[in-house]
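S.K.:
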Ligand code: ADP
Ligand code: MG
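Numbering (the numbering used here), first residue to last: 6 to 715.
1. Reducing DSSP to helix, strand and coil, say where residue 476 ends up.
2. Which residues in the same chain as residue 473 place their Cβ atom closer than 6 Å to its Cβ, once the five residues preceding and following it in sequence are excluded?
3. In its own chain, which residues sit with a C-beta less than 7 Å from the C-beta of residue 549, not counting the 5 before and 5 after it?
4. Touch check for the segment 86 to 94 and the segment 103 to 114: three-plus C-beta pairs under 8 Å?
5. Only counting the same chain, and skipping five residues up and downstream in sequence, which positions put a Cβ closer than 7 Å to that of residue 198?
6. Mark residue 348 as exposed unless 16 or more other C-beta atoms lie within 10 angstroms of its C-beta, in which case mark it buried.
7. Please report the distance separating the alpha-carbon of residue 417 from that of residue 307.
8. Just list the residues that DSSP pairs residue 12 with in beta bridges.
9. How is the alpha helix (DSSP H) around residue 268 delimited, first residue to last?
10. Is the distance from the Cβ of residue 18 to the Cβ of residue 174 below 7 Å?
11. Taking just the CA atoms, how far does residue 107 sit from residue 405?
12. According to DSSP, is residue 126 helix, strand or coil?
13. Between which residues of its own chain and residue 313 is the CB-CB distance below 8 Å, once the five residues before and five after are set aside?
14. Cβ atoms of residue 578 and residue 491: under 7 Å apart, would you say?
15. Does ligand 2 have even one heavy atom less than 6 Å from the beta-carbon of residue 726?
16. Is residue 307 near ligand 1, judged by its Cβ being under 6 Å from some heavy atom?
17. Pick out whichever of 494, 383, 192 has its Cα sitting closest to the Cα of residue 678.
18. On the premise that residue 387 lies in contact with residue 360, defined as a C-beta separation below 8 Å, what is that separation, rounded to the nearest angstrom?
19. If you count every other CB in all the chains shown that lies within 10 Å of the CB of residue 598, and 16 or more means buried, which is it?
20. For ligand 1, any of its heavy atoms closer than 6 Å to the Cβ of residue 310?
21. Can you name the start and end residues of the alpha helix (DSSP H) that residue 348 belongs to?
22. Spatial neighbours of residue 377 within its chain, please: C-beta separation below 8 Å, excluding the five flanking residues on both sides.
23. Please report the distance separating the alpha-carbon of residue 218 from that of residue 70.
24. Kindly indicate which residue of 75, 258, 253 has the alpha-carbon position closest to the one of residue 319.
25. Am I right that residue 237 and residue 704 are in contact with their C-beta atoms under 8 Å? What's the rounded C-beta distance?
26. Could you work out which residue in 76, 75, 93 is closest to residue 68 when comparing CA atoms only?
27. Which stretch, first to last residue, makes up the beta strand (DSSP E) that contains residue 382?
28. Within the continuous alpha helix (DSSP H) that includes residue 106, where are the two ends?
29. Just mark residue 205 as buried or exposed, buried being the case when its beta carbon has 16 or more other beta carbons within 10 Å.
30. When the Cα atoms are used, what is the spatial distance from residue 498 to residue 269?
31. Run through DSSP, which three-state label would residue 253 get?
32. Helix, strand or coil: which one does DSSP assign to residue 68?
33. Which of the three DSSP states is assigned to residue 121 in this structure?
34. With H, G and I counted as helix, E and B as strand and the rest as coil, what does DSSP make of residue 316?
35. On the three-state DSSP scale, how would you describe residue 77?
36. Let's see if you can read the secondary structure: which residues bound the alpha helix (DSSP H) around residue 485?
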């Protein structure tokens, strides 16, 4: 297994320079390369004659490159490259509007090319393909033509044939070393092939394979690799849960100097039944000798913070420290402010710890934490950086836990240093994780296989649902009118654009900047317009958000996720542009940003998709439904899990291949199989299980910190 971890430059043909290129797309080890699966397959058995090209279709042709020309286009400040491809039946034009240098240098007249792309009816007599994918064929490369060939994501300038060659070498040399074992009955039940076989089939499919199954990821080889990944993950989570059940936590019982009672006296409202129930579940964990690992799921606005606060009081009254970690400074500040309202009255010292604090201030806070003078610490990632020790940590709270990876969560738990063995917190702190938005119960149970899950499924009374309405582009005037009405009342508004791929970001930033400028000069000119976009540094973004929170401007245009937890009671309108591109759960989260004060809130969804009944109907769900759990269910059935579940949502942002969208069913199967094994042999000690244990440690050991398990 060690060999698989060898640096990628050990693969035959990959030198140090190429290795650096490969590393730039995350391929560092031989194993990474083996698992770098094609994202598409090219069916060379389907090569057409140019004469038979059909405009509008994606097709492949083989021919000779003739008439290659490049032209500098000053207006675009780029090279335009064009040429013709000729086979024995006809000619087609090829054109690249912005040709990168490597492309210009790599092509020359007379080459035999295989090109692939969408055929367009050209302006002249010839059809054309713009920006075709292509490959230069070896003069004697015709034997390649009867194959199904893999297409890989690769660093710019690296040819596909090189990638294929290297991966071929890696397979030949290391393929058989891939640690792989699934119990034979499981393989049979699930219709799986061995991992080594599966990888070979995916990288070098034989000509009999069904290319459509390869292309949509439903081939037996895909299934086998995914199943393997999921099976081991579930095994790992199961094992972790087991090991945790023996890891000791501090026993935090109700004390005679009861902070909870004092707190209830300070509360401007009474807790909901759901809050009381979930708190009961949490207390029960805290009172037991085993460290809590609990995920609290609750709709936006269901009052998770208050539950976390009560849990923290329990830790504090037992002489421990409570630590909250939030994904952004703004959220951390917000939590800090809201707990500060009560902490003084209760005689609790709270502190905020973020990366932007001056070193001196930070040091003084750390010293006071070290001496146990501060009982509640609220912070960002800065908490898990070096130098932070929280000797008496009894409870860790992670807000919006999906924004953190497993490792970060674990590091929070590790802040109690073993050096303080005499301190009560030599045990593991209890952990409470909070989700930003609910996911369906069925899925939660599977994804969070290693923890307990609580459902905060009731809203505080008196909440008026945010009025939600879907608009089309031509109704934009009405949308702006409504926004202006609210602004006139002194309220504030969000205008949100969908998040885009990194490659499209620049364009979007330009669009949004223009849009914001236009709004500033026209419709919203009396109210002030701010912009946050995906290319801003976190600190800068936080700063703009802060100014918006403080009411400096009326409208915030955002091309990036508005921090889901942000609480700006004066904001009453949310306009979502291209609402059709969002998942329903995401829309629900966004909508949760408004209507938090006393005034009614509005959510205006602008549907800019071409007429499409399904998209329309999907968005309409938002007009009727206000329960986050139900919306999540609707999302699940309408679009499949992944649409609202980014991989990161699982908290395991480390999957190599699994796409929770596609693979939820497989995940459930894998969990069943894995748990059956754990039920038989909880520590995986017997012959077969011991082999699986080895593999498990190799795959997930580090990521799930299973080392301690053995
Ligand atoms: P979320 O679950 O989305 O994190 P918050 O904890 O921010 O929600 O709570 C939203 C708002 O509801 C806060 O202003 C909070 O003070 C208020 N709140 C919490 N619990 C109750 C309750 N039982 N009754 C009334 N208001 C509550
Ligand atoms: Mg919150």
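Cβ atoms here follow ideal geometry from the backbone N, Cα and C, with glycine treated the same way. Bear in mind the structure is a predicted one, so any value in this text is a computation, not a measurement.
M.R.: Reading it off the structure:
1. Along the chain shown, read from residue 1 onward, the residue named residue 476 stands at position 471. Strand.
2. In the chain shown, counting from the first residue as 1, residue 473 sits at position 468. The residues are 608, 627, 628.
3. Against the chain shown, residue 549 aligns to sequence position 544. Cβ neighbours of residue 549 beyond the five flanking positions: 535, 537.
4. yes
5. By one-based count along the chain shown, residue 198 stands at place 193. So the qualifying residues of the chain are 225, 226, 229.
6. Against the chain shown, residue 348 aligns to sequence position 343. Burial call: buried.
7. Locating residue 417 in the chain shown gives position 412, where the first residue counts as 1. Locating residue 307 in the chain shown gives position 302, where the first residue counts as 1. Straight-line Cα distance between these residues: approximately 25 Å.
8. What you label residue 12 is simply residue 7 of the chain shown in a count that begins at 1. DSSP output for residue 12 lists 34 as bridge partner(s).
9. Numbered from its first residue, the chain shown carries residue 268 at position 263. Element bounds for residue 268: 264 to 271.
10. Within the chain shown, residue 18 is the residue found at index 13, counting from 1. Within the chain shown, residue 174 is the residue found at index 169, counting from 1. Yes, they are a contact pair.
11. Walking along the chain shown from the start, residue 405 turns up at place 400. Walking along the chain shown from the start, residue 107 turns up at place 102. Going from the Cα of residue 405 to the Cα of residue 107 covers about 44 Å.
12. Position 121 of the chain shown, counting from 1, holds the residue named residue 126. Three-state result, residue 126: coil.
13. Walking along the chain shown from the start, residue 313 turns up at place 308. Hits under 8 Å: 301, 329, 402, 404, 437, 439.
14. Within the chain shown, residue 491 is the residue found at index 486, counting from 1. Within the chain shown, residue 578 is the residue found at index 573, counting from 1. Result yes, Cβ atoms of residue 491 and residue 578 sit closer than 7 Å.
15. With the chain covering only 6 through 715, there is no way to say anything about residue 726.
16. Indexing the chain shown from 1 puts residue 307 at position 302. Yes; taking the cut-off as 6 Å, the Cβ of residue 307 has a heavy atom of ligand 1 nearer than that.
17. Reading the chain shown from its first residue, position 673 is the one you call residue 678. Comparing Cα-Cα distances from residue 678 to each of 494, 383, 192, the minimum goes to 192.
18. Residue mapping note: residue 360 aligns to position 355 of the chain shown, counting from 1. Residue mapping note: residue 387 aligns to position 382 of the chain shown, counting from 1. Their Cβ separation, rounded to whole angstroms, is 4 Å, which keeps residue 360 and residue 387 in contact under 8 Å.
19. Walking along the chain shown from the start, residue 598 turns up at place 593. Classification of residue 598: buried, given that the 10 Å Cβ count is 16 or more.
20. If you number the chain shown from 1, residue 310 lands on position 305. True, at least one ligand heavy atom lies under 6 Å from that Cβ.
21. Translated into the one-based positions of the chain shown, residue 348 becomes position 343. From DSSP, the alpha helix (DSSP H) with residue 348 extends over 334 to 351.
22. In the chain shown, counting from the first residue as 1, residue 377 sits at position 372. Contacts found: 326, 396, 397.
23. Position 213 of the chain shown, counting from 1, holds the residue named residue 218. Position 65 of the chain shown, counting from 1, holds the residue named residue 70. When rounded, the distance between both Cα atoms is 32 Å.
24. Locating residue 319 in the chain shown gives position 314, where the first residue counts as 1. Selected option, being the one with the closest Cα: 258.
25. Start at 1 with the first residue of the chain shown, and residue 237 comes out as number 232. Start at 1 with the first residue of the chain shown, and residue 704 comes out as number 699. Contact holds; Cβ gap of about 5 Å.
26. Your numbering for residue 68 matches position 63 in the chain shown. The option with the nearest alpha carbon to residue 68 is 93.
27. To locate residue 382, count along the chain shown from 1; it is residue 377. Run containing residue 382: 381 to 384, per the beta strand (DSSP E) assignment.
28. The count along the chain shown starts at 1 and reaches residue 106 at position 101. Residue 106 -> alpha helix (DSSP H) spans 106 to 111.
29. The sequence position of residue 205 within the chain shown is 200, counting from 1. Residue 205 is buried by the Cβ-count criterion.
30. If you number the chain shown from 1, residue 498 lands on position 493. If you number the chain shown from 1, residue 269 lands on position 264. CA-to-CA, the gap between residue 498 and residue 269 works out to about 34 Å.
31. Position 248 of the chain shown, counted from the start, is the residue given in the question as residue 253. In the three-state reduction of the DSSP assignment, residue 253 falls in the strand class.
32. Against the chain shown, residue 68 aligns to sequence position 63. Three-state DSSP puts residue 68 in a strand.
33. Here residue 121 is taken as the residue at index 116 of the chain shown, counted from 1. Of the three classes helix, strand and coil, the one that applies to residue 121 here is strand, per DSSP.
34. Within the chain shown, numbered from 1, the residue matching residue 316 stands at position 311. It is helical.
35. Here residue 77 refers to the residue found at position 72 when the chain shown is read from its first residue. The answer is strand: DSSP assigns residue 77 an E or B state.
36. The residue labelled residue 485 in the question sits at position 480 within the chain shown. Note, residue 485: alpha helix (DSSP H), 481 to 493.
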